[in-house]
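A.B. asks: Once you've had a glance at the structure underneath, I'll fire off some questions.
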Amino acid sequence: MSAQSAKFSKFIRLLHIYSSMLVGVLLLFFAATGITLNHPEWQNNWGASSAQQELQLPAALMQLHWSEDELQQARQAEQIAQWLRSEHQVQGAVFNFSFEPDEQLLELDFKRPAGYSAVLVELQSGRVELNTEYAGTLALLNDLHKGRYAGVSWKWLIDITALACLLFGISGFYLLWRQPARRNSGINTALFGVLLLLIAYLAALH
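Converting from the sequence shown to the numbering used here requires adding 1028 to each position, the first position being numbered 1.
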């Protein structure tokens, strides 16, 4: 083996080791939640909760002037959303709103993994109806597996985990290929895995 080839093999070994260490815990998490996602009949209500509240807008927010300008509406809706987040612990990585000018009603929708908060604001009276639903711990884990309503940072984490798993698998295949004594058994194992995949797919079609 040439010095350059030996150096490359050492680099691949390090890549294989540290890519597995980078995502070791996350790989276990996604593997375990992959099983629970595959068995929705296991769903339960661990930690599930539901709450309804009636609140009152602060005087400063009641003085907001609502026009037909959509950008202004978005800014003012965000002000109310920030008040709900800071004062009433409303959570949600995804936030949407709709405004009904004739009724002077503002609807806010906060979505997060395994839960949501729906808010109805009567702008003239300042009355706020807050409904919060949380589906429980298992639903939270399953939604995190899918990246559902988890925000941009979690989606980046999923992408990084997937990339590290690809590097782990490709580097492992290369290292096996460089070992003639184990090459045939490794390839046969890989082919058996592909065969299982095809059998499962064909069986699913019937």
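Where is the CB? At the ideal position from N, CA and C, for every residue including glycine.
Considering just the uninterrupted stretch of the alpha helix (DSSP H) at residue 1171, what are its terminal residues?
C.D. replies: 1165-1174 is the extent of the alpha helix (DSSP H) around residue 1171.
A.B. asks: For residue 1026 versus residue 1089, is the C-beta spacing smaller than 8 angstroms?
C.D. replies: An answer regarding residue 1026 cannot be provided, because it is not within the stretch 1029 to 1234 covered by the chain.
A.B. asks: Taking the straight line between their C-alpha atoms, what separation do you get for residue 1053 and residue 1170?
C.D. replies: Going by the C-alpha atoms only, they are around 16 angstroms apart.
A.B. asks: Compute the Euclidean distance between the alpha carbons of residue 1046 and residue 1040, then round it to the nearest angstrom.
C.D. replies: The alpha-carbon atoms of residue 1046 and residue 1040 are separated by roughly 10 angstroms.
A.B. asks: Might you give, ordered along the chain, the residues of its own chain that have their beta carbon closer than 6 angstroms to the beta carbon of residue 1168, omitting 5 neighbours on each side?
C.D. replies: The residues are 1141, 1142.
A.B. asks: Please confirm whether residue 1149 and residue 1108 have their CB atoms less than 8 angstroms apart.
C.D. replies: Yes; because the gap between Cβ atoms is below 8 angstroms, this pair is in contact.
A.B. asks: Please report the distance separating the alpha-carbon of residue 1179 from that of residue 1061.
C.D. replies: The alpha-carbon atoms of residue 1179 and residue 1061 are separated by roughly 19 angstroms.
A.B. asks: Going by Cα to Cα distance, which pick from 1211, 1176, 1196, 1207 is closest to residue 1065?
C.D. replies: When only C-alpha atoms are compared, the closest one is 1176.
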